[in-house]
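K.L.:
If you scroll down you'll find the structure; I have some questions about it.
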Amino acid sequence: MRYLKNKIKKNNKGKLGIALVGLGGYAGGQLAPALQQTKHCYLAGIVTGTPSKIPLWKDKYNIPVENIYNYDNYDTIKDNPDIDIIYVVLPNSMHAEYTVRGFEAGKHVICEKPMALTVEECDKMIAASKKADKFLSIGYRLHFDPYHLDMIRMGTQKEYGAIKKIVSEFLQPSIKGEWRLDKKYSGGGPLMDLGIYCLQGVIYITGMEPVAVTAQTFPVSDKEKFTDIEETLDWQMEMPDGMIAECRTSYSGSANRIKAEAEKGWFELDPAFYYAGLKGTTADGKIIFHAPLSQQAKQMDDIALSIKNKKASIVPGEMGRRDVKIIEAIYKAMRTGERVVI
Ligand code: NDP
């Protein structure tokens, strides 16, 4: 095993070691494969509560047995010099605890979206990061995707003039029984999981943050499935220049797009939020095309590089907190029916 560990370290010389915490769909389907392509970081360890997952991960990714942890001995990761960065890929309700414990172990932390269930939790995470003098980043992969970078350029540089309206929708069915449908674990419905991409898109394409929100929900289609979360949510974000963004998210139906309508024409992505296969078009007939790449590999490399350079990443904890604050305002607007100033 020592021989294997030495070999892995030699092959990954100069890279930061990442430990994935929670080996579910996203960690296994996207992050671990992406870490086979990264130049500045590598998959050094895993943290799992399911012992039966260990043999497959250990063999597939050559993970030395001393870099495999569970939720009880997680804190002892502080003694492991192979692990530089903890990547929290757990249900939303566990983000705050495992991020804070990661900082207490003296590691940098990447935490998946949404950063946490409440602004109060976000504050604790940011305070823990400061106390440990380690960086906190959020797993906002689309900030590294070339299609979204094009949208940011067209929007913020006003290539089609000032934006007059943005429409964004992310609708995708959920599976009965999963933690996403249980508010205790998810903190809310599709807004926490899918709608956050629409919210983010509006902010980075305009380069502005909303000043007020309104929101409406609808009766659920399945009372056994949607017991304590919304199934569908429409919300509107008022931007500082008076522009209104109209957004919709749902755990029923299918839509995945963001369209900006500006003075001199529109530009859009449809689909917009998938891991691959995005498509961009503009009013003047331009087709946006980029060669396929791994958003997650770019994201983790960029974050690893910023850590190496002792700089905050472009997706810091403060951005995650900002979004949770807006989400809290949207839910308040949904519950009260009132316009909520942020
Ligand atoms: P999964 O349900 O597929 O995986 C979550 C994993 O967390 C489980 O497999 C399990 O891993 C661990 N876990 C620990 N305690 C629990 C518990 N009580 N209930 C369920 N799982 C538990 O979720 P995802 O991988 O889809 O999502 C994880 C996080 O990643 C979420 O915050 C989600 O929002 C985010 N995500 C981000 C995406 C992005 O594009 N940025 C895409 C998809 C998800 P183990 O058995 O190893 O302990």
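Numbered per my numbering, the sequence shown finishes at 1282, counting up by one with no gaps. Where is the CB? At the ideal position from N, CA and C, for every residue including glycine. For clarity, every value in this text was computed on a predicted model and none was experimentally measured.
Return the residue from the list Ile-1266, Asp-1241, Ser-992 and Lys-1265 that minimises the CA-CA distance to Ile-1254.
P.N.:
The candidate whose alpha carbon is nearest that of Ile-1254 is Asp-1241.
K.L.:
Go ahead and pull the three-state DSSP assignment for Phe-1110.
P.N.:
Residue state for Phe-1110 is assigned as strand, using DSSP reduced to three classes.
K.L.:
Shortest alpha-carbon distance to Gly-954 belongs to which of Ala-1244, Lys-1053 and Val-1153?
P.N.:
Ala-1244
K.L.:
Starting from the N-terminal side, write out each stretch of the beta strand (DSSP E) that is 3 residues or longer and does not extend beyond the region 1164 to 1242.
P.N.:
Scanning the region 1164 to 1242 for uninterrupted beta strand (DSSP E) segments of 3 residues or longer gives 1172 to 1178, 1184 to 1190, 1195 to 1202, 1205 to 1209 and 1220 to 1222, listed from N- to C-terminal end.
K.L.:
Say whether the region 1130 to 1146 touches the region 1255 to 1275, bearing in mind that this needs 3 or more beta-carbon pairs closer than 8 Å, one atom from each stretch.
P.N.:
Contact between the region 1130 to 1146 and the region 1255 to 1275 is present: 3 or more CB-CB pairs across the two stretches fall below 8 Å.
K.L.:
Cys-981 bridges to which residues according to DSSP?
P.N.:
Leu-956, per the DSSP bridge assignment.
K.L.:
Compare the C-alpha of Ala-1152 against each of Gly-962, Ile-1025, Gly-965 and Gly-1277 and name the closest.
P.N.:
Gly-1277
K.L.:
Cβ of Met-1034 versus every heavy atom of the ligand NDP: is any distance shorter than 7 Å?
P.N.:
For the ligand NDP, at least one heavy atom lies less than 7 Å from the Cβ of Met-1034.
K.L.:
Buried or exposed for Ser-1126, going by 16 or more other Cβ atoms inside 10 Å?
P.N.:
buried
K.L.:
Mind checking Asp-1181: buried by the 16 CB within 10 Å criterion, or exposed?
P.N.:
exposed
K.L.:
For a test of the three-state rule: what should DSSP assign to Thr-988, helix, strand or coil?
P.N.:
coil
K.L.:
Give every residue of the same chain whose Cβ lies closer than 6 Å to the Cβ of Met-1274, excluding the five residues on either side of it in the sequence, and list them in chain order.
P.N.:
Ala-1155 and Thr-1157
K.L.:
Is the beta carbon of Ala-974 less than 8 Å from the beta carbon of Gln-1236?
P.N.:
yes
K.L.:
Would you kindly report the start and end of the unbroken beta strand (DSSP E) that includes Thr-1157?
P.N.:
In the DSSP annotation of this structure, the continuous segment of the beta strand (DSSP E) that includes Thr-1157 starts and ends at 1152 to 1157.
K.L.:
Just verifying my parser: in three-state terms, what is the DSSP assignment at Ser-1161?
P.N.:
The answer is coil: DSSP assigns Ser-1161 none of H, G, I, E or B.
K.L.:
When we look at the beta-carbon of Ala-972 and count the other beta-carbons within 10 Å, is it buried (16 or more) or exposed?
P.N.:
buried
K.L.:
Would you list the one or two residues that DSSP bridges to Leu-1121?
P.N.:
Assignment of beta-bridge partners to Leu-1121 by DSSP yields no partner.
K.L.:
Can you tell me where the alpha helix (DSSP H) holding Ser-1069 begins and where it ends?
P.N.:
1059 to 1072
K.L.:
Determine which residues share a DSSP beta bridge with Tyr-1009 and list them.
P.N.:
Val-987
K.L.:
Tell me whether Gly-985, by its Cβ, gets closer than 7 Å to a heavy atom of the ligand NDP.
P.N.:
no
K.L.:
Can you tell me whether Arg-1041 sits near the ligand NDP, meaning its C-beta is under 7 Å from at least one heavy atom of the ligand?
P.N.:
no
K.L.:
Can you have a look at Ala-959 and say buried or exposed, based on whether 16 or more other CB atoms are within 10 angstroms of its CB?
P.N.:
Label assigned to Ala-959: buried.
K.L.:
Whether or not the region 1213 to 1222 and the region 1013 to 1030 are in contact is what I'm after, with contact meaning three or more pairs of Cβ atoms, one per stretch, closer than 8 Å; do they touch?
P.N.:
no
K.L.:
When you compare only the Cα positions, how much space is there between Thr-990 and Asn-1020?
P.N.:
So the alpha carbons of these two residues sit roughly 21 Å apart.
K.L.:
Who are the Cβ neighbours of Ile-1008 in its own chain at under 7 Å, not counting the five residues just before and after it?
P.N.:
Gly-985, Ile-986, Ile-994 and Lys-998
K.L.:
Do you know whose CA, among Ser-1114, Phe-1229, Lys-1250 and Ala-1202, lies nearest Ala-1212's CA?
P.N.:
Phe-1229
K.L.:
Answer with buried or exposed for Arg-1279, where buried requires no fewer than 16 other C-beta atoms within 10 angstroms of its C-beta.
P.N.:
exposed
K.L.:
Taking only the alpha-carbon atoms, compute the straight-line gap between Gln-1239 and Ala-1067 and give it to the nearest angstrom.
P.N.:
24 Å
K.L.:
For Lys-1064 and Met-1055, what's the separation of their Cα atoms in angstroms?
P.N.:
11 Å
K.L.:
With a threshold of 7 Å, establish whether the CB of Thr-988 neighbours any heavy atom of the ligand NDP.
P.N.:
Thr-988 Cβ: within cutoff of the ligand NDP.
K.L.:
Are Ile-1169 and Lys-1123 close, meaning C-beta to C-beta below 8 Å?
P.N.:
With contacts defined by Cβ atoms closer than 8 Å, Ile-1169 and Lys-1123 form a contacting pair.
K.L.:
For my contact list, Leu-1111 and Ser-1192 are in at a C-beta cut-off of 8 Å; report their separation, rounded to the angstrom.
P.N.:
7 Å
K.L.:
Check for me: the beta strand (DSSP E) holding Val-1049 runs from which residue to which?
P.N.:
1048 to 1051
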